[in-house]
Amino acid sequence: MNTTNTSKLIDGKTLAAKVLADAAEKVKTIVSHTGVTPALATVLVGDDPASATYVKMKVKRTEDAGMKSIRVDLPADTTTDQLVSKITELAEDPDVAGILLQHPVPSQIDERAAFEAIPRAKDVDGVTATGLGCMFLGIPTFGSCTPAGIMTLLHEYDVTIKGADAVVIGRSPILGKPMAAMLLEEHATVTICHSRTQNLADTVRRADIVVAAVGRSNFVQGDWVKPGAVVIDAGYNPGNIGDVDFDAALPNASLITPVPGGVGPMTIATLIHNTAIAAAQQLGVELD
Ligand code: NAP
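Each residue of the sequence shown is one higher than the last, beginning at 0 in numbering that gives the first Met the number 0.
1) May I ask whether a heavy atom of the ligand NAP can be found less than 8 Å away from the beta carbon of Val213?
2) Rounded to whole angstroms, how far is the Cβ of Ala120 from the Cβ of Gln280, which I believe are closer than 8 Å?
3) Helix or strand or just coil, what does DSSP make of Asp68?
4) State yes or no: is the C-beta of Phe218 nearer than 8 Å to some heavy atom of the ligand NAP?
5) Run through DSSP, which three-state label would Gly97 get?
6) Could you tell me whether any Cβ in chain B is nearer than 9 Å to the Cβ of Ala165?
7) Under the criterion of a Cβ to heavy atom distance below 8 Å, does Ala233 qualify as lining the ligand SAH?
8) Please find out if some non-hydrogen atom of the ligand NAP comes closer than 8 Å to the beta-carbon of Gly238.
9) Could you pull the start and end residues of the beta strand (DSSP E) that Val295 belongs to?
10) Verify whether the separation of the beta carbon atoms of Leu89 and Arg60 is less than 9 Å.
11) With 16 other CB atoms within 10 Å as the buried threshold, where does His186 fall?
12) Indicate the three-state DSSP secondary structure (helix, strand or coil) for Asn236 in the structure shown.
13) Flag Ser50 as yes when its Cβ comes closer than 8 Å to any non-hydrogen atom of the ligand NAP, and as no otherwise.
14) Work out the CA separation of His154 and Lys161 for me, nearest whole Å.
15) Verify the contact flag: Pro94, CB atom, against every heavy atom of the ligand NAP, threshold strictly below 8 Å.
16) As a quick exercise: from Glu184, Ile208, Ile168, pick the residue whose alpha carbon is nearest that of Gln197.
17) Checking 9 Å against the spacing of the C-beta atoms, do Val83 and Arg70 come in under that value?
18) In this structure, how does DSSP classify Asp63 when only helix, strand and coil are distinguished?
19) Helix, strand or coil for Ala208? Go by DSSP, reduced to three states.
20) Going by Cα to Cα distance, which pick from Gly65, Val209, Thr79 is closest to Ala252?
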């Protein structure tokens with residue numbers, strides 16, 4: 000990755016540190032008003048090493064922000080019923096402010112059923128159908144962490160969203176779809192592309208804002224990027240490689256996220272921030 004032109008770089012690492020510091024301040028306020036230390040429950044099913052690493056990072060950031068972490072590790076052969084019953088227990092536990100189910104879960108589990116066991120008030124990862132519906136309806140809710148983190152980055156860098164042509168490549172329920180909803184809510188004209196999209200390159204060439212959420216290394220080519228476009232790379236592929244060919248996209252982009260250090264750090268920071276807000280809402284603490 001050529002990072003010589005640093006004026007174009009969107010620095011997710013620095014902004015994530017600010018978001019985490021703000022979450023820690025909120026936690027302090029909550030503890031001083033209520034004496035309660037908020038908790039995030041993380042649920043991990045199975046022993047996938049990448050998922051275990053993500054959970055470890057989330058636990059660390061939770062504790063760094065002054066919150067408690069409740070780790071629930073379940074065996075790989077857990078059934079849907081067992082997982083739903085564990086999540087229901089956490090949902091009913093007043094000590095738990097937020098619930099994160101690390102996904103993907105093993106294939107025998109109905110992931111949607113497990114997500115739907117999380118009540119909206121504790122859905123700090125923005126994965127439930129109700130949460131996604133709220134995102135599309137513009138009803139305040141906890142936005143899915145990766146797209147919500149991307150919105151925070153766009154705001155921080157004063158990117159004009161209103162009236163912009165935004166192209167989101169990818170339509171997953173945790174990334175592409177909520178990303179499109181959030182951009183639409185802020186008055187972008189949004190096009191969602193996917194594996195059956197015709198003339199993808201030409202569609203991307205029209206975009207003022209491109210969000211790549213495909214899961215394919217270096218998928219977005221440099222000559223797909225309109226001069227002056229803002230390029231957000233949500234991809235995280237083996238070898239720390241993004242979905243955008245960074246070096247080729249850099250000359251045309253006005254702003255671009257590197258991988259790593261762009262979108263990635265914002266995802267966990269958003270999760271922690273959402274959890275602090277969820278705790279305040281549940282405990283009736285007003286935050287600034
Ligand atoms: P996903 O569920 O696999 O979705 C990928 C999307 O890309 C699908 O909608 C798919 O279209 C589309 N796609 C695949 N091949 C395509 C092609 N040739 N042309 C156009 N569209 C194509 O993946 P995801 O969970 O959204 O994740 C996407 C990327 O973001 C991955 O690299 C993942 O690691 C990364 N990610 C990063 C973070 C973070 O914190 N940084 C968090 C989550 C995910 P169809 O719907 O038609 O199949």
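Note that the Cβ used here is the ideal one computed from N, Cα and C, for glycine as well.
If we stick to the structure as given:
1) Start at 1 with the first residue of the sequence shown, and residue 213 comes out as number 214. For the ligand NAP, at least one heavy atom lies less than 8 Å from the Cβ of Val213.
2) As a first step, residue 120 is located in the sequence shown; it is residue number 121 there, counting from the start. As a first step, residue 280 is located in the sequence shown; it is residue number 281 there, counting from the start. Ala120 to Gln280, Cβ: 7 Å. Contact.
3) Within the sequence shown, numbered from 1, the residue matching residue 68 stands at position 69. Rather than Asp, the amino acid found at residue 68 in this sequence is Ser. Strand at Ser68.
4) Here residue 218 refers to the residue found at position 219 when the sequence shown is read from its first residue. Yes - the ligand NAP has a heavy atom lying nearer than 8 Å to the Cβ of Phe218.
5) As a first step, residue 97 is located in the sequence shown; it is residue number 98 there, counting from the start. Gly97: strand per DSSP, three-state reduction.
6) The displayed structure is made up of one protein chain only, and chain B is not part of it.
7) The ligand SAH is absent from the structure shown, which contains only the ligand NAP.
8) For this step, residue 238 is matched to residue 239 along the sequence shown. Outside the cutoff, so no.
9) Absent from the structure is residue 295, since the part of the chain shown begins at 0 and ends at 287.
10) Here residue 89 refers to the residue found at position 90 when the sequence shown is read from its first residue. Here residue 60 refers to the residue found at position 61 when the sequence shown is read from its first residue. Contact: no.
11) Within the sequence shown, residue 186 is the residue found at index 187, counting from 1. Flag for His186 reads exposed.
12) Residue mapping note: residue 236 aligns to position 237 of the sequence shown, counting from 1. Strand at Asn236.
13) Within the sequence shown, numbered from 1, the residue matching residue 50 stands at position 51. For the ligand NAP, not one heavy atom lies less than 8 Å from the Cβ of Ser50.
14) Along the sequence shown, read from residue 1 onward, the residue named residue 161 stands at position 162. Along the sequence shown, read from residue 1 onward, the residue named residue 154 stands at position 155. Using only the alpha carbons, I get a separation of about 12 Å.
15) By 1-based counting over the sequence shown, the position of residue 94 is 95. Residue identity differs from the one stated: residue 94 is Asp in this sequence, not Pro. Checking every heavy atom of the ligand NAP against the Cβ of Asp94, none is found closer than 8 Å.
16) Residue 197 sits at position 198 when you count from the first residue of the sequence shown. Of the candidates Glu184, Ile208, Ile168, the one whose C-alpha sits nearest the C-alpha of Gln197 is Ile168.
17) Within the sequence shown, residue 83 is the residue found at index 84, counting from 1. Within the sequence shown, residue 70 is the residue found at index 71, counting from 1. Not in contact: Val83 and Arg70 (Cβ atoms no closer than 9 Å).
18) Working through the sequence shown from its first residue, we reach residue 63 at position 64. Residue state, collapsed to three classes: helix.
19) As a working mapping, residue 208 is identified with position 209 in the sequence shown. Reading the sequence as shown, one finds Ile at residue 208 and not Ala. Three-state DSSP puts Ile208 in a strand.
20) Here residue 252 refers to the residue found at position 253 when the sequence shown is read from its first residue. Nearest C-alpha to Ala252: Val209.
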